[in-house]
Amino acid sequence: MTDPTPSPGRPAGRLRSILDRIPFRALLLFTLLIGGIVGLGAFTFVYAEGASYLSNDPGACVNCHIMQDVFDRWNHGTHKAVAVCNDCHTPHTPAAKWMVKGLNGVNHSTRFTLGNFPEPIRITDRNRTVAADNCIYCHGNLAGEISHLTSEDPTDCLHCHAGVGHGR
Numbered sequence: 357m358t359d360p361t362p363s364p365g366r367p368a369g370r371l372r373s374i375l376d377r378i379p380f381r382a383l384l385l386f387t388l389l390i391g392g393i394v395g396l397g398a399f400t401f402v403y404a405e406g407a408s409y410l411s412n413d414p415g416a417c418v419n420c421h422i423m424q425d426v427f428d429r430w431n432h433g434t435h436k437a438v439a440v441c442n443d444c445h446t447p448h449t450p451a452a453k454w455m456v457k458g459l460n461g462v463n464h465s466t467r468f469t470l471g472n473f474p475e476p477i478r479i480t481d482r483n484r485t486v487a488a489d490n491c492i493y494c495h496g497n498l499a500g501e502i503s504h505l506t507s508e509d510p511t512d513c514l515h516c517h518a519g520v521g522h523g524r
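When we follow the numbering used here, the leftmost residue of the sequence shown carries the number 357, and every step to the right adds one.
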């Protein structure tokens with residue numbers, strides 16, 4: 357009769373039977389691979405000051421050198437007194453804000469790591485829509501009569517005011 361108590365240091369039950377069938381070298385290789393991915397990801401997050409992107413600090417946007425010119429224009433523009441980057445470039449509801457920040461974070465880090473981005477940097481259609489929606493969010497009362505928000509073809513604020521937040 358066998359003892360049903362698992363020996364110390366060994367997984368019990370179903371997991372134990374699965375692990376017993378995997379060769380030690382394969383298990384070691386898998387563990388090293390996962391450890392390497394997690395370690396490299398953690399190093400990159402710390403090196404790239406990833407936590408700063410979770411804040412509203414405009415300085416986080418210039419962690420990447422390509423954004424310096426855009427930041428400088430915002431810093432000398434009219435919106436600096438009333439808005440930071442997130443006010444114009446992320447939605448104002450928490451879930452949508454974090455979804456956009458997450459998608460942009462993955463896209464930005466991938467493109468900048470691989471050097472696959474246009475210079476000068478250009479806003480994507482999705483992010484342009486977010487910025488245009490935020491124009492209405494802040495200026496809707498002022499521009500409500502001219503924006504035709506309820507029409508099939510509402511006025512696009514960014515058609516004439518594309519660079520307003522960046523001092524152009």
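Every residue gets a Cβ at the ideal spot worked out from N, C-alpha and C, and that includes glycine.
Taking residue i as the reference, give the member of the options with the closest Cα.
{"i": "H515", "options": "Y493, G496, R484, E508", "result": "R484"}
{"i": "A480", "options": "A518, W454, T469, A398", "result": "Correcting the residue type first, residue 480 is Thr in the shown sequence and not Ala. Among A518, W454, T469, A398, the Cα nearest to that of T480 is on A518."}
{"i": "R308", "options": "C494, L459, G471, F473", "result": "Lying before the first or after the last residue shown, residue 308 is absent from the chain, which here runs from 357 to 524."}
{"i": "W454", "options": "F473, F386, L410", "result": "L410"}
{"i": "N412", "options": "V402, N497, H448, H495", "result": "H448"}
Rounded to the nearest angstrom, what separates residue i and residue j at their Cα positions?
{"i": "T434", "j": "G395", "result": "42 Å"}
{"i": "L384", "j": "G406", "result": "30 Å"}
{"i": "N419", "j": "A499", "result": "34 Å"}
{"i": "A451", "j": "T466", "result": "23 Å"}
{"i": "V462", "j": "I477", "result": "16 Å"}
{"i": "R574", "j": "R377", "result": "Given that the chain is displayed from residue 357 to residue 524, the structure contains no residue 574 and the question cannot be resolved."}
{"i": "H522", "j": "A437", "result": "12 Å"}
{"i": "K457", "j": "F468", "result": "16 Å"}
{"i": "P414", "j": "L375", "result": "49 Å"}
{"i": "N472", "j": "H464", "result": "9 Å"}
{"i": "S408", "j": "D512", "result": "32 Å"}
{"i": "N431", "j": "V486", "result": "21 Å"}
{"i": "R372", "j": "P379", "result": "13 Å"}
{"i": "A404", "j": "L470", "result": "14 Å"}
{"i": "L388", "j": "G397", "result": "14 Å"}
{"i": "R381", "j": "I393", "result": "18 Å"}
What does a CB cutoff of less than 8 Å around residue i pick up in its chain, not counting 5 residues either side in sequence?
{"i": "E475", "result": "I422"}
{"i": "C417", "result": "M423, V426, F427, C441"}
{"i": "V520", "result": "G433, T434, H435"}
Excluding five sequence neighbours on each side, which residues of the same chain lie with their C-beta closer than 6 Å to the C-beta of residue i?
{"i": "I525", "result": "A query on residue 525 cannot be resolved here, the shown segment of the chain reaching from 357 to 524 and no further."}
Any 3 or more C-beta pairs closer than 8 Å across the stretch 438 to 445 and the stretch 483 to 499: Because the criterion of three Cβ pairs below 8 Å is met, the stretch 438 to 445 and the stretch 483 to 499 touch.
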